[in-house]
Amino acid sequence: MGATDATATADAGIDPALVDTIQNIEDGDVLVVNGDSRTWDVTDVVDRSIEDPNDARESKRVCRLSCGESVFGLELVAYPDRYTASLHVLATEDWTEDGRVFEVHDVEILTQQVPWVVVTGGADRYHFPDPQAAAFGEARPACGGGNPGASYRIVRSNTVRPTYSGCKDCLRYEKPVALESVTCPSCSKAICHGTVQGGAVGAVDGLSITCPHCDFDGVVEATLER
-6 MGATDATATA DAGIDPALVD TIQNIEDGDV LVVNGDSRTW DVTDVVDRSI
44 EDPNDARESK RVCRLSCGES VFGLELVAYP DRYTASLHVL ATEDWTEDGR
94 VFEVHDVEIL TQQVPWVVVT GGADRYHFPD PQAAAFGEAR PACGGGNPGA
144 SYRIVRSNTV RPTYSGCKDC LRYEKPVALE SVTCPSCSKA ICHGTVQGGA
194 VGAVDGLSIT CPHCDFDGVV EATLER
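Spelled out as structure tokens, the structure:
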């Protein structure tokens, strides 16, 4: 994560899309900031207006982020004509980061909303299901991790969230997106809908299908909620 004097880009402000993302962060979200290897839990969000007439700032939003022993503060500051964003080190396992402030150029809120997850007894963490295993009626974590030798089962996500927390590897790398209903272009029979996940989801724009009704066999357009 590259360090910078946070005032270096203050005059230009930040991209409106980044402003929207930070304004949409909620307590309990899971984030990736600046593409860093850490995956952050949002443990608190504070919005505060600034009424001091001598202060150019109008308001600020501060998100408290936690990852292991590290605690950072993600701060969005509103000025009359721009926004700035910075990441403040509050506590860290890396002494070279202690007390530093980083420029923020990218924030990703990881998707936790999937209809089905896999869990095992005695654990407090859920995983996204491995699609290939699920197709054969088996329950395995999509990340390939989990507890070796454990017996997993597939359950509806609303039965374990928010009591269970999500596997950080599943949240970060599987990137589930909703797939709109796919119909046969020949006879209009509904073929499938649901969730698509995996690191290459962004490149998906079509599906190869075989219609059980009219025997159409070909590629159809796939619409994903990107």
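Take -6 as the starting number for the sequence shown in the numbering used here and just add one per residue.
No residue lacks a Cβ here, since even glycine has one placed at the ideal position from N, Cα and C.
Nearest-angstrom beta carbon gap, residue j and residue i [assumed within contact, 8 Å]
| i | j | result |
| --- | --- | --- |
| THR36 | ASP20 | 7 Å |
| PHE121 | PRO155 | Between PRO155 and PHE121 the Cβ distance is about 16 Å, and since that is not below 8 Å, they are no contact. |
| PRO73 | GLU51 | 6 Å |
| ASP34 | CYS60 | 7 Å |
| ILE147 | ALA127 | 7 Å |
Under 7 Å between C-beta atoms of residue i and residue j
| i | j | result |
| --- | --- | --- |
| GLU173 | THR113 | no |
| VAL97 | ALA78 | yes |
| GLN105 | GLY159 | yes |
| ASP162 | CYS136 | yes |
| VAL189 | SER150 | no |
| ARG118 | TYR166 | no |
| ILE7 | VAL100 | no |
| ILE102 | LEU164 | no |
| VAL70 | LYS53 | yes |
| GLY199 | GLU214 | yes |
| CYS207 | SER181 | no |
One or two residues paired with residue i in a DSSP bridge
| i | result |
| --- | --- |
| ARG154 | Partner(s): none; ARG154 has no beta bridge. |
| ARG149 | TRP109 |
| LYS53 | ARG41, VAL70 |
| PRO122 | PRO134 |
| THR36 | BP columns for THR36 are empty, so no partner. |
Sequence-distant residues of its chain with Cβ nearer than 6 Å to residue i (five each side left out)
| i | result |
| --- | --- |
| ASP210 | THR203 |
Sequence-distant residues of the same chain with beta carbon closer than 8 Å to residue i, five excluded per side
| i | result |
| --- | --- |
| ASP87 | SER63 |
| VAL38 | ILE18, GLU19, ASP20, ARG54, VAL55, CYS56, ARG57 |
Cutoff 7 Å; reference residue i; Cβ partners in own chain excluding five residues on either side
| i | result |
| --- | --- |
| HIS81 | PHE65, GLY66, GLU68, VAL94 |
| SER144 | THR113 |
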